[in-house]
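A short worksheet on the structure shown next.
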Amino acid sequence: KQEVTQIPAALSVPEGENLVLNCSFTDSAIYNLQWFRQDPGKGLTSLLLIQSSQREQTSGRLNASLDKSSGRSTLYIAASQPGDSATYLCAVGGYGGATNKLIFGTGTLLAVQP
Amino acid sequence: DVKVTQSSRYLVKRTGEKVFLECVQDMDHENMFWYRQDPGLGLRLIYFSYDVKMKEKGDIPEGYSVSREKKERFSLILESASTNQTSMYLCASSFQVVRPQHFGDGTRLSIL
């Protein structure tokens, strides 16, 4: 059964710092991997989607990488800002051959201090 | 931009009531999903639908049913609400399996 783990569970950094969030999964037979952001009491905002054939995706200050063979993905945030404070979730798609389904990690709570 | 709208942000119901949660998307997406989110357990898939009138169970379908009579609308039904169904419910949609899922703002449901 696919399991998705995110470490650390919480992270606090000063503004301007570059940071890396980690996501690991146990079954490498995934279809894609998606990173989301969730603000308190709100829904999820899709940040980046990496297909299984890709190694990385970039959007602005965000860069996500995927290493299927080792079961890992990282989300790199450059020059962090207080507005980046949120919970970041990764989710893998395609476990069990059902490409429609996502399995989520429990998230990393990020606080960027001004 | 994709818009996924959930009918209520907060809802309070009583044990045993039949509860309807509504979700509407405006991008002609084939796929729609219902999740619940609980502290320490993360998001878990309840049901999803890949076409009108088509549905498939997720990981935790017990106590729930769904309805998709029109492409843009996906309803989650709690047949007889129980206190353990108190949770944050999130609806999502996607165009194809290779495209991102887009989420609504969620409904925080309390069953008393």
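So the sequence lines, in the order shown, correspond to chains A and B.
Note that this note's numbering has the first sequence beginning at 214, numbered continuously upward.
Note that this note's numbering has the second sequence beginning at 2, numbered continuously upward.
Cβ atoms here follow ideal geometry from the backbone N, Cα and C, with glycine treated the same way.
Nearest candidate by alpha-carbon position, reference residue i, set the options
i: B/L91; options: B/T84, B/I47, B/N85; result: B/I47
i: A/A222; options: A/L279, A/K314, A/Y301, A/G307; result: A/Y301
i: B/R37; options: B/T87, B/P101, B/Q97; result: B/T87
i: A/Q294; options: A/G229, A/G306, A/S278; result: A/G229
i: B/P62; options: B/W35, B/E73, B/S83; result: B/W35
i: B/D106; options: A/K214, A/K255, A/S241; result: A/K255
i: A/D297; options: A/S225, A/G284, A/K214; result: A/S225
i: B/L12; options: B/L79, B/R100, B/V5; result: B/L79
i: B/Y65; options: B/K54, B/Q26, B/S111, B/S83; result: B/S83
i: B/K58; options: A/G320, A/K314, A/A324; result: A/K314
i: B/N85; options: B/R100, B/A93, B/L110, B/S95; result: B/L110
i: A/S241; options: A/A324, A/S283, A/A299; result: A/S283
i: B/V3; options: B/S9, B/R10, B/M33; result: B/M33
i: B/L60; options: B/L44, B/D52, B/K54, B/V53; result: According to the sequence shown, residue 60 of chain B is Asp rather than Leu. When only C-alpha atoms are compared, the closest one is B/L44.
Distance between residue j and residue i (C-alpha atoms, nearest Å)
i: B/G199; j: A/Q326; result: Chain B is shown from 2 up to 113; residue 199 of chain B falls before or after that span and cannot be answered.
i: A/T258; j: A/I316; result: 16 angstroms
i: A/L322; j: B/E23; result: 29 angstroms
i: B/F21; j: B/S68; result: 10 angstroms
i: A/G318; j: B/E70; result: 32 angstroms
i: A/Q251; j: B/K56; result: 27 angstroms
i: B/H30; j: B/Q97; result: 8 angstroms
i: B/S50; j: B/M28; result: 15 angstroms
i: B/Q102; j: B/S76; result: 17 angstroms
i: A/N276; j: B/K14; result: 42 angstroms
i: A/P227; j: A/Q219; result: 21 angstroms
i: B/G1; j: B/E73; result: Outside the modelled stretch of chain B, which goes from 2 to 113, sits residue 1 of chain B, for which no answer is possible.
i: A/Q215; j: A/S278; result: 19 angstroms
i: A/A304; j: B/K19; result: 31 angstroms
i: A/V217; j: A/K281; result: 13 angstroms
i: B/S81; j: B/S95; result: 29 angstroms
Endpoints, beta strand (DSSP E) assigned at residue i
i: A/A223; result: 223 to 227
i: A/N231; result: It is not in any beta strand (DSSP E) - A/N231 carries neither H nor E in the DSSP assignment.
i: B/T6; result: 5 to 7
i: B/R69; result: 65 to 71
i: A/F317; result: 315 to 317
As assigned by DSSP and simplified to three states, the class of residue i
i: A/G296; result: helix
i: A/Q213; result: In the structure as shown, chain A begins at 214 and stops at 327. Residue 213 of chain A is therefore absent and cannot be evaluated.
i: B/T84; result: helix
i: B/E18; result: coil
i: A/T239; result: coil
i: A/F249; result: strand
i: B/D60; result: coil
i: A/G306; result: strand
i: A/D280; result: strand
i: B/D39; result: strand
i: A/S286; result: strand
i: B/A93; result: strand
i: B/S111; result: strand
i: B/D52; result: strand
i: B/H103; result: strand
Min CB distance residue i to chain E below 8 angstroms
i: A/S259; result: Considering every chain present, this structure includes no chain E. Its protein chains are A and B.
The ligand COA heavy atom lying under 7 angstroms from the CB of residue i
i: A/K314; result: With respect to the ligand COA, the structure shown offers nothing to examine, as it has no ligands at all.
| request: Report yes or no: do the stretch 262 to 273 of chain A and the stretch 233 to 246 of chain A share at least 3 C-beta pairs separated by less than 8 angstroms? | output: Output reads yes: the stretch 233 to 246 of chain A touches the stretch 262 to 273 of chain A.
| If we count Cβ pairs, one from each stretch, closer than 8 angstroms, do we get three or more for the stretch 232 to 241 of chain A versus the stretch 282 to 299 of chain A? | yes
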